[in-house]
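Protein chains in written order, with our numbering: chain A, 328 to 467; chain B, 328 to 467; chain C, 328 to 467.
Note that beta-carbon positions come from the ideal geometry of N, C-alpha and C, so glycine has one too.
This report refers to the structure that appears directly beneath it.
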Amino acid sequence: MKSHTKQLTMNVRERMGFVNITSEVVAAVRESCVQEGLCLVNAMHITASVFINDDEPGLHRDYKKWLEELAPFAPSPEPYQPNRTGEHNADAHHKRQIMGREVVVAITGGRLDFGPWEQIFYGEFDGKRPKRVMIKIIGE
Amino acid sequence: MKSHTKQLTMNVRERMGFVNITSEVVAAVRESCVQEGLCLVNAMHITASVFINDDEPGLHRDYKKWLEELAPFAPSPEPYQPNRTGEHNADAHHKRQIMGREVVVAITGGRLDFGPWEQIFYGEFDGKRPKRVMIKIIGE
Amino acid sequence: MKSHTKQLTMNVRERMGFVNITSEVVAAVRESCVQEGLCLVNAMHITASVFINDDEPGLHRDYKKWLEELAPFAPSPEPYQPNRTGEHNADAHHKRQIMGREVVVAITGGRLDFGPWEQIFYGEFDGKRPKRVMIKIIGE
Numbered sequence: 328m329k330s331h332t333k334q335l336t337m338n339v340r341e342r343m344g345f346v347n348i349t350s351e352v353v354a355a356v357r358e359s360c361v362q363e364g365l366c367l368v369n370a371m372h373i374t375a376s377v378f379i380n381d382d383e384p385g386l387h388r389d390y391k392k393w394l395e396e397l398a399p400f401a402p403s404p405e406p407y408q409p410n411r412t413g414e415h416n417a418d419a420h421h422k423r424q425i426m427g428r429e430v431v432v433a434i435t436g437g438r439l440d441f442g443p444w445e446q447i448f449y450g451e452f453d454g455k456r457p458k459r460v461m462i463k464i465i466g467e
Numbered sequence: 328m329k330s331h332t333k334q335l336t337m338n339v340r341e342r343m344g345f346v347n348i349t350s351e352v353v354a355a356v357r358e359s360c361v362q363e364g365l366c367l368v369n370a371m372h373i374t375a376s377v378f379i380n381d382d383e384p385g386l387h388r389d390y391k392k393w394l395e396e397l398a399p400f401a402p403s404p405e406p407y408q409p410n411r412t413g414e415h416n417a418d419a420h421h422k423r424q425i426m427g428r429e430v431v432v433a434i435t436g437g438r439l440d441f442g443p444w445e446q447i448f449y450g451e452f453d454g455k456r457p458k459r460v461m462i463k464i465i466g467e
Numbered sequence: 328m329k330s331h332t333k334q335l336t337m338n339v340r341e342r343m344g345f346v347n348i349t350s351e352v353v354a355a356v357r358e359s360c361v362q363e364g365l366c367l368v369n370a371m372h373i374t375a376s377v378f379i380n381d382d383e384p385g386l387h388r389d390y391k392k393w394l395e396e397l398a399p400f401a402p403s404p405e406p407y408q409p410n411r412t413g414e415h416n417a418d419a420h421h422k423r424q425i426m427g428r429e430v431v432v433a434i435t436g437g438r439l440d441f442g443p444w445e446q447i448f449y450g451e452f453d454g455k456r457p458k459r460v461m462i463k464i465i466g467e
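Structural data, given as structure tokens:
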């Protein structure tokens, strides 16, 4: 069995933003020399996501608006409790649960075995500081 | 290490629908001859889901109603931006994020290591056309 | 390839509750002797979740309030259909979809390869009875 581990550092300048990291994951799969296996990609921070969807700017604007409706940013002590301890990112912990922490992708013939529109995104919900993404590949 | 790759083609005639694909995944596990390992099952399209829950028609009706409330279908250009480019499936991209892209299931003793009610479903949110599901099994 | 399988039994006395199971998963990784691999942790029941987030009581109170808003508990036959068959846990099936069924964590150098605040939680949405969690580890 082969394995390969790689971390990416993300720097999103806005509070909320999405970054296409597919090419970085493709490079890690190539480096791993794994032909058949699984590739895990996950946010290492609990106010961020890794998810697979379309690379369409309109869709990303819609996601931001929708996430803001489902879990609004609220810098005042209300309505979230963690905000009372001085942190103002409780909404980000909620948004991350909607969008998910991780994806697992099949590797077949040395490549990510993707459908026609699948692209891997990093989703940031409490940005303006560096954060990390884990890529772990196992297989043969 | 052994691996096995299989694709299913789904044809859901309604816009939104759920299909129990457990028996197809069970068959793929048998074909793989893997005794101990992991089985990834994911939608290869970004307006569909694979998820695990109960095979209960009332529950599925509730899911449809609930997803329609959280991310309503809207064929007009508003409220979603991608609809302005001529596509009318923005809601499907949102519903898929709630229900998830994939499941990973343990294989123990050559079988899916399931709890009492776990069943694997394909969730379609923009149907009336063929779509694919990936099954990837690795182990020994 | 090595593999290791372990089940935890959860007993949450409230209807909804979160339990930090990180130390149990760390112990299973140690028992597996896997140095490089993947660790799957999933709820074996369809009204429960396994998720990764912060070990912060205020956040957990917020999650409960938020999940109750997104998918309210309703013991009457309305608004959920499964309740008509005598079960009163339809809301729990919905809450579990928001929080997810499973997490997959990288194992590097014999340890869970975690970011600074990542902790693994069992999320119970229909408690007061024993339920199980699956831990499956594969690697080398």
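| Query | Result |
| --- | --- |
| So, does the CB of Gly427(B) fall closer than 8 angstroms to a CB anywhere in chain A? | yes |
| Mind listing, in chain order, the continuous beta strand (DSSP E) runs of no fewer than 3 residues lying wholly within the segment 331–399 of chain A? | 344–347, 364–370 and 375–380 |
| For Met337(A) and Pro384(B), what's the separation of their Cα atoms in angstroms? | 43 angstroms |
| Among Ala401(C), Gly344(C), Ile464(C) and Ala419(C), which has the Cα closest to the Cα of Arg438(C)? | Ile464(C) |
| What separation, rounded to the nearest whole angstrom, lies between the Cα atoms of Arg342(A) and Ala401(B)? | 28 angstroms |
| So, at 6 angstroms on beta carbons, what are the nonlocal neighbours of Val426(B) in its own chain, with the 5 sequence-adjacent residues on each side left out? | Note on identity: in this sequence residue 426(B) is Met, with Val being the wrong assignment. Closer than 6 angstroms at the Cβ level, and outside the excluded window around Met426(B), lie Ser376, Phe378 and Gly450. |
| Just to confirm, is the Cβ distance from Asn272(C) to Asp382(C) under 8 angstroms? | Here chain C comprises residues numbered 328 to 467, so residue 272(C) is not present and cannot be evaluated. |
| For Arg428(C), does the count of other Cβ atoms within 10 angstroms reach 16, so buried, or fall short, so exposed? | buried |
| How many whole angstroms separate the CB atoms of Val361(A) and Lys329(A), which I take to be in contact at a CB cut-off of 8 angstroms? | 5 angstroms |
| Is any beta-carbon of chain B found at less than 8 angstroms from that of Asp453(A)? | no |
| Using a Cβ cut-off of 8 angstroms (strictly closer), state whether Lys357(B) contacts chain A. | Note on identity: in this sequence residue 357(B) is Arg, with Lys being the wrong assignment. It does not: the Cβ of Arg357(B) has no partner Cβ on chain A nearer than 8 angstroms. |
| Which residues in chain C have a C-beta closer than 7 angstroms to the C-beta of Tyr407(A)? List them in chain order. | Asp389 |
| So Val356(B) and Ile434(B) are in contact, right, with Cβ under 8 angstroms, and what is the actual spacing, rounded? | 6 angstroms |
| Any beta-carbon of chain C closer than 8 angstroms to the one on Ile464(B)? | no |
| From Glu414(C) to Ser350(B), what does the alpha carbon distance come to, in whole angstroms? | 26 angstroms |
| For Gln334(A), count the other beta carbons within 10 Å of its own beta carbon; 16 or more makes it buried, fewer makes it exposed. Which is it? | exposed |
| So with Cβ pairs under 8 angstroms, would you call Val352(B) a contact of chain A? | no |
| With DSSP collapsed to three states, give me the class of Arg423(A). | helix |
| Which residues share a DSSP beta bridge with Phe274(A)? | Lying before the first or after the last residue shown, residue 274(A) is absent from chain A, which here runs from 328 to 467. |
| Taking His372(A) as the query, report the chain C residues whose CB atoms sit under 9 angstroms from its CB, ordered along the chain. | Gly442, Pro443, Trp444 and Glu445 |
| Answer yes or no: does any C-beta atom of chain C fall closer than 8 angstroms to that of Val432(A)? | no |
| Looking only at C-alpha atoms, which of Lys458(B), Ile462(B), Thr332(B) and Gly466(B) sits nearest to His372(B)? | Lys458(B) |
| Find the residues of chain B that neighbour Asp381(A), judging by a C-beta separation of less than 9 angstroms, and give them in chain order. | Ile373, Thr374, Pro409 and His420 |
| Find out if the Cβ-Cβ distance for the pair Gly442(A), Leu365(A) is shorter than 8 angstroms. | no |
| So, at 6 angstroms on beta carbons, what are the nonlocal neighbours of Gln446(A) in its own chain, with the 5 sequence-adjacent residues on each side left out? | Asn347, Thr349 and Asp382 |
| How should Glu354(B) be labelled, buried or exposed, when 16 other C-beta atoms within 10 angstroms of its C-beta is the threshold for buried? | Per the sequence shown, residue 354(B) should be read as Ala rather than Glu. So Ala354(B) counts as exposed. |
| Chain A beta carbons: is any one of them nearer than 8 angstroms to that of Glu363(C)? | yes |
| Can you tell me whether DSSP reads Ala401(C) as helix, strand or coil? | coil |
| Got a sec: is the Cβ-Cβ distance from Thr349(C) to anything in chain A below 8 angstroms? | no |
| Could you check whether Val431(C) and Val431(B) sit closer than 8 angstroms to each other, using their CB atoms as the reference points? | yes |
| Whose CA, out of Thr374(C), Glu396(C) and Asn380(C), lies closest to the CA of Gln424(C)? | Thr374(C) |
| Who are Arg438(A)'s beta bridge partners in DSSP? | Thr435(A) |
| In whole angstroms, give me the CA-to-CA distance for Leu386(B) and Asn380(C). | 28 angstroms |
| So Phe378(B) contacts chain C; which residues on that side make the cut at Cβ distance below 8 angstroms? | Gln424 and Arg428 |
| What does Arg459(B) touch in chain A if you count any residue whose Cβ is under 7 angstroms from its own? | Gly442 |
| How would you call Lys455(C), buried or exposed, if buried means at least 16 neighbouring beta carbons within 10 angstroms? | exposed |
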